[in-house]
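These notes are about the structure you will find just below.
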Amino acid sequence: QQQVKQSPQSLIVQKGGIPIINCAYENTAFDYFPWYQQFPGKGPALLIAIRPDVSEKKEGRFTISFNKSAKQFSLHIMDSQPGDSATYFCAATLFGNEKLTFGTGTRLTIIP
Amino acid sequence: NASVTQTPKFQVLKTGQSMTLQCAQDMNHNSMYWYRQDPGMGLRLIYYSASEGTTDKGEVPNGYNVSRLNKREFSLRLESAAPSQTSVYFCASLHLPYQPQHFGDGTRLSIL
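Keeping their order, the protein sequence lines are chains A and B.
Start counting the first sequence at 1; every next residue gets the next number (the numbering used here).
Start counting the second sequence at 1; every next residue gets the next number (the numbering used here).
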């Protein structure tokens, strides 16, 4: 049973646009929500993460928005660049649990 | 630079052959993980090890075995490879909950 649903599966955005990737979770006990970025031929790497006690977190051009009541969170990329083209995974985990549950991934392409 | 090293990077097997995928980390992390990545399926946990000498099943353990040889090394074995095990396999390590999982660059395995 998939516990984190991610959409869209793929996304093409023009340079400078704001791609938005959405995730929804089922388990209300989840309390840590990281996003991982993966370039072709490489392993995923942590991009940004949020705890449910805040509604938004920004790191550079990347922002996570979190809606606890809707059990949804999303990644926004401001002023997107071709170098942001990658696969993005959302994930979730429980307090004290070292296992992550990943979404199915979004393949993002930024065209010049 | 601290890293997770996976070997081999590529492998082609015939159905029924056996193989061991190797993973080593140099960050003195406690926890290590094996995932498989398939198109549209995201990252699925095969096995994980919270510490040396302990292992636990993940979401898709059937057809695999693991060994946590020491704190640095965590191997994944396919005893009798099947075409359904064609995938990209990632090893990851983690020091403490809520910290990033560090991934290797993957082993691309094809089973004919």
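Note that beta-carbon positions come from the ideal geometry of N, C-alpha and C, so glycine has one too.
Quantities reported herein were computed from a predicted structural model and do not represent experimental measurements.
Listed in chain order, the positions of the region 71-96 of chain B with a beta carbon within less than 9 Å of a beta carbon of chain A are 90, 91, 92, 94 and 96. At a cut-off of 8 Å between beta carbons, residue 53 (chain B) makes no contact with chain A. Rounded to the nearest whole angstrom, the CA to CA distance from residue 63 (chain B) to residue 79 (chain B) is 7 Å. In the three-state DSSP reduction, residue 26 (chain B) falls in the coil class, being neither helix nor strand. Contact holds between the region 29-45 of chain A and the region 68-86 of chain A, because three or more Cβ pairs, one in each stretch, are under 8 Å apart. Contact between residue 98 (chain A) and residue 94 (chain B) holds, since their C-beta atoms are separated by about 6 Å, short of 8 Å. Under DSSP, no beta-bridge partner is assigned to residue 84 (chain A). Residues of the same chain with a CB within less than 7 Å of the CB of residue 79 (chain A), apart from the 5 flanking positions on each side, are 16 and 61 in chain order. Following the DSSP letters along the chain, one finds residue 107 (chain A) inside the beta strand (DSSP E) bounded by residues 106-111. Taking 8 Å as the cut-off, the beta carbon of residue 82 (chain B) is found closer than this to the beta carbon of residue 15 (chain B).
For residue 50 (chain A), DSSP records a beta bridge to A:33.
Selection A:31, A:36, A:69 and A:67 evaluated against residue 90 (chain A) yields A:36 as nearest (Cα-Cα). Here residue 27 (chain A) has 3 as same chain residues with Cβ atoms under 6 Å from its own Cβ, once five neighbours each way along the sequence are excluded. Judged by DSSP in its simplified three-state form, residue 75 (chain B) adopts strand. At a cut-off of 8 Å between beta carbons, residue 27 (chain B) makes no contact with chain A.
Closer than 9 Å at the C-beta level to chain B, one finds these residues of the region 97-108 of chain A: 97, 98, 99, 100, 101, 102, 103, 104 and 105. Between residue 90 (chain B) and residue 74 (chain B), the CB-CB gap reaches or exceeds 8 Å.
The criterion of a C-beta distance shorter than 8 Å is satisfied by residue 33 (chain A) and residue 73 (chain A). From the listed residues B:66, B:100 and B:60, the smallest Cα separation to residue 54 (chain B) is found for B:66.
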